[in-house]
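Reading through the structure tokens given below for one structure.
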Amino acid sequence: MSNVTARTAIIVYMTASSDAEAKHIADALITEQLAACCNICPGIRSIYMWEGKLCDEKEVLLLIKSFEDCFDALAKKIKSLHSYKVPEIIAVPLTKGDEAYLRWMEEVVPSKP
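Sequential numbering from -19 applies to the sequence shown in the working numbering.
Right, here's the structure in full:
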């Protein structure tokens, strides 16, 4: 296991209000080659402060596999489709991964300038 790509692979965490919204966003990210794969994880519970109130909401987590050079375009696309005023869009770098999987990611997600 290693990071054999010249690009920095990332996992982007995004929450959505429903399965349908998560699927709609995932379809767009894959179709536009901004992500290699999206996992839709239903049934999460988020607790946070919003406009001075404690919120406790059921949400859907979307795990998005992409590259650092795609993040700005990916975030812009998510914001254009998302129902939330301030959607959660956070990324963490992948430090290790299966070589074949990382190569496949590079094949399906071209570099962004």
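Beta carbons are placed, not taken as given, at the ideal position from N, Cα and C, and that holds for glycine.
- Message: Among E87, C35, F51 and E12, whose alpha-carbon lies nearest the alpha-carbon of Y(-7)?
- Response: F51
- contact_flag[the segment 15 to 31, the segment 45 to 61] where n(CB pairs < 8 Å) is 3 or more: yes
- Query: Are the beta-carbon atoms belonging to H62 and A(-4) less than 9 Å from one another?
  - Reply: yes
- Query: Buried or exposed: I24, going by 16 or more other Cβ atoms within 10 Å of its Cβ?
  - Reply: exposed
- Message: Any contact between the segment 66 to 86 and the segment 34 to 49? By contact I mean 3 or more CB pairs, one from each, below 8 Å.
- Response: yes
- Item | Alpha carbon of L82 to alpha carbon of I5, nearest angstrom | 22 Å
- Is the beta carbon of S60 sitting closer than 9 Å to the one on R(-13)? no
- Item | Cα-Cα separation between L43 and P22, rounded to whole angstroms | 11 Å
- Query: Between the Cα of I(-9) and the Cα atoms of I20, D78 and P73, which residue gives the shortest distance?
  - Reply: P73
- Exposed or buried, which one is M29 when buried takes at least 16 other CB atoms within 10 Å? exposed
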